[in-house]
Amino acid sequence: MLNVVDFFRENVGRLAPTTQRGYARYLRDLAEWVGDSEVTTELLLEWLDLHDWGLASRRGAIIALRSFFRWAVGEESPAARLHIPKNPESPRRALRPQQALDLLATSDTSNIKGKRNLAIIALMLDTGLRNSELCNALISNLSLQDCALQVLVKGGRWEWCVFTDYTQRALAEWMGVRDEVAVENRHIFVSLGGNKKGTKLGETGLQYIIRTIAHQAGLGHVCPHELRHSFATLFLWAGGSTRGAQLGGRWKSVAMVERYTGRIELETIRPHLPMNYLMNLE
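For the sequence shown, full-length UniProt numbering assigns the number 1 to the initial residue and increments by one for each residue that follows.
Quick look at the structure:
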């Protein structure tokens, strides 16, 4: 018989009340079903399959089993080999073309802040730069003439990204006024306020900038990494390939790009949907 009572008595301070209730529900159900039988991995799988649970409930049951049997028998746990199913990833948000234009139009380029912000947004949309890549981007690695920038990416590698003439002009406008506020001469983007005014722009500052501009544009909450997602989707809107998006965004595989672009590829079937065909028969 499963010693569920002692398990909860010994772990009462470690488990949150809601966790205790969830564990108790699963373990008592198992105890009633298994009776005095020897508990094996196969028996646990059979018990799990008896229930028509959704993904979250099955995950909860397996986590409860692994926790209980690890406490009860240690390394010999029959639940150790149970696979915990992963939660499905939430949809990756990306800006549609008009939303991206609205974001760009929000920056008032008659002042220094607007020039910097436009350069940031244009560069992120054109290149899919990660937050850290943008904040750490160096002036010495920027070539306005070639419309190219070399950045340090995940894994400690240096890679090139390229951008358009529009972004080149936005960057040139910013670089033309940067020295009026900067107190260091290494990083492309610097903070324009607070205790660190004139120093390298940090990731927290970048998040604040994008969030503020997005609200001004009527887009609600937008985080900087969503501009990376938007690079991939807008690249496909413009007629590019997933392979091209992979290269431009410095992803390791096309599969990673497809996590962001599934919605765009789905849009291509609209002209062929049955109701369009049927209505054109009349």
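We treat Cβ as the ideally placed atom computed from N, Cα and C, and that holds for glycine.
Small disclaimer: the values here were computed from a predicted structure and weren't measured.
Chain-order list of residues whose beta-carbon lies under 7 Å from that of residue 166 (same chain, five-residue window excluded): To locate residue 166, count along the sequence shown from 1; it is residue 166. Cβ neighbours of residue 166 beyond the five flanking positions: 122.
Sorted by chain position, which residues of the same chain lie with C-beta nearer than 8 Å to residue 285's C-beta, five sequence neighbours on each side aside? This structure gives no information on residue 285, because the portion of the chain shown stretches from 1 to 282.
Are the segment 62-77 and the segment 205-216 in contact at 8 Å, needing three or more beta carbon pairs? no
Which residue from 7, 210, 59 and 192 puts its Cα closest to that of residue 86? Against the sequence shown, residue 86 aligns to sequence position 86. Measuring from the Cα of residue 86, the nearest candidate turns out to be 59.
Going by alpha carbons, who is nearest to residue 162 out of 233, 103 and 245? In the sequence shown, residue 162 corresponds to position 162, counting from 1. Residue 245 is the option with its Cα nearest to residue 162.
How should residue 40 be labelled, buried or exposed, when 16 other C-beta atoms within 10 angstroms of its C-beta is the threshold for buried? Mapped onto the sequence shown, residue 40 falls at position 40. Its Cβ having fewer than 16 others within 10 Å, residue 40 is exposed.
Anyone know if the C-beta pair for residue 232 and residue 128 falls short of 8 Å? In the sequence shown, counting from the first residue as 1, residue 232 sits at position 232. In the sequence shown, counting from the first residue as 1, residue 128 sits at position 128. Yes, they are a contact pair.
Residue 161 bridges to which residues according to DSSP? For the purposes of this step, residue 161 is identified with residue 161 of the sequence shown, where counting begins at 1. BP columns for residue 161 point to 149.
Flag this pair as yes or no: are the beta carbons of residue 118 and residue 137 separated by less than 8 Å? Position 118 of the sequence shown, counted from the first residue, corresponds to residue 118. Position 137 of the sequence shown, counted from the first residue, corresponds to residue 137. Not a contact, by the Cβ cut-off of 8 Å.
Spatial distance of residue 61 from residue 191 (CA atoms): Against the sequence shown, residue 61 aligns to sequence position 61. Against the sequence shown, residue 191 aligns to sequence position 191. Rounded to the nearest whole angstrom, the C-alpha separation of residue 61 and residue 191 is 49 Å.
Considering only residues of the same chain and omitting the five flanking positions on each side of residue 151, which have a CB-CB separation below 6 Å? To locate residue 151, count along the sequence shown from 1; it is residue 151. If we look at residue 151 and ignore the five residues flanking it on each side, its Cβ neighbours are 133 and 137.
Length of the line joining the Cα atoms of residue 19 and residue 224: Locating residue 19 in the sequence shown gives position 19, where the first residue counts as 1. Locating residue 224 in the sequence shown gives position 224, where the first residue counts as 1. Their Cα atoms are separated by approximately 34 Å.
Proximal residues to residue 139 (C-beta, below 6 Å), its chain only, five neighbours per side dropped: In the sequence shown, residue 139 corresponds to position 139, counting from 1. Here the set comprises 188.
Under 7 Å Cβ to Cβ from residue 84, same chain only, skipping five residues before and after it: list those, please. The count along the sequence shown starts at 1 and reaches residue 84 at position 84. Closer than 7 Å at Cβ, skipping near neighbours: 59, 62 and 63.
By the DSSP assignment, the alpha helix (DSSP H) with residue 274 in it spans what residues? Looking up residue 274 in the sequence shown gives position 274. Taken as a continuous stretch (DSSP letters only), the alpha helix (DSSP H) holding residue 274 covers 274-279.
When the distance is taken between beta carbons, is residue 226 closer than 8 Å to residue 94? For this step, residue 94 is matched to residue 94 along the sequence shown. For this step, residue 226 is matched to residue 226 along the sequence shown. Judged by beta-carbon spacing, residue 226 lies within the 8 Å limit of residue 94, meaning their Cβ atoms are closer than that value.
Close beta carbons around residue 147, own chain, < 8 Å, minus the five adjacent residues each side: Taking the first residue of the sequence shown as position 1, residue 147 is located at position 147. Around residue 147: 162, 163, 164, 165, 167 and 168.
From residue 251 to residue 237, what distance separates their C-alpha atoms? Counting from one through the sequence shown, the residue named residue 251 turns up at place 251. Counting from one through the sequence shown, the residue named residue 237 turns up at place 237. Spanning the two alpha carbons is a distance of roughly 18 Å.
Three-state secondary structure (DSSP) at residue 190? Taking the first residue of the sequence shown as position 1, residue 190 is located at position 190. In the structure shown, residue 190 sits in a strand (DSSP, three-state: E or B).
Classification of residue 275 by the beta-carbon crowding that lies within 10 angstroms, buried from 16 upward: Against the sequence shown, residue 275 aligns to sequence position 275. The residue is exposed, with fewer than 16 neighbouring Cβ atoms inside 10 Å.
Residue range of the unbroken alpha helix (DSSP H) whose run includes residue 131: As a first step, residue 131 must be located in the sequence shown, where it is residue number 131. 131-135 is the extent of the alpha helix (DSSP H) around residue 131.
Just the C-alpha distance for residue 17 and residue 44, rounded to the nearest angstrom, thanks. Locating residue 17 in the sequence shown gives position 17, where the first residue counts as 1. Locating residue 44 in the sequence shown gives position 44, where the first residue counts as 1. Their Cα atoms are separated by approximately 25 Å.
Considering only the alpha carbon of each residue, which of 220, 208 and 113 lies closest to residue 170? Taking the first residue of the sequence shown as position 1, residue 170 is located at position 170. For the residues 220, 208 and 113, the minimum Cα distance to residue 170 belongs to 113.
What ranges does the alpha helix (DSSP H) occupy inside the segment 16-84, keeping only unbroken runs of at least 4 residues that lie completely in it? 17-34, 41-50 and 55-73
Classification of residue 221 by the beta-carbon crowding that lies within 10 angstroms, buried from 16 upward: In the sequence shown, the residue the question calls residue 221 occupies position 221. Exposed.
Which residues mark the beginning and the end of the alpha helix (DSSP H) in which residue 224 is found? Here residue 224 is taken as the residue at index 224 of the sequence shown, counted from 1. Counting along the chain, the alpha helix (DSSP H) containing residue 224 begins and ends at 224-237.
Report the three-state DSSP secondary structure of residue 138 (helix, strand or coil). By one-based count along the sequence shown, residue 138 stands at place 138. Reduced to three states, the DSSP call for residue 138 is strand.
Please list the segments of the alpha helix (DSSP H) lying wholly inside the segment 171-222, counting only runs of 4 or more residues, in order along the chain. 203-216
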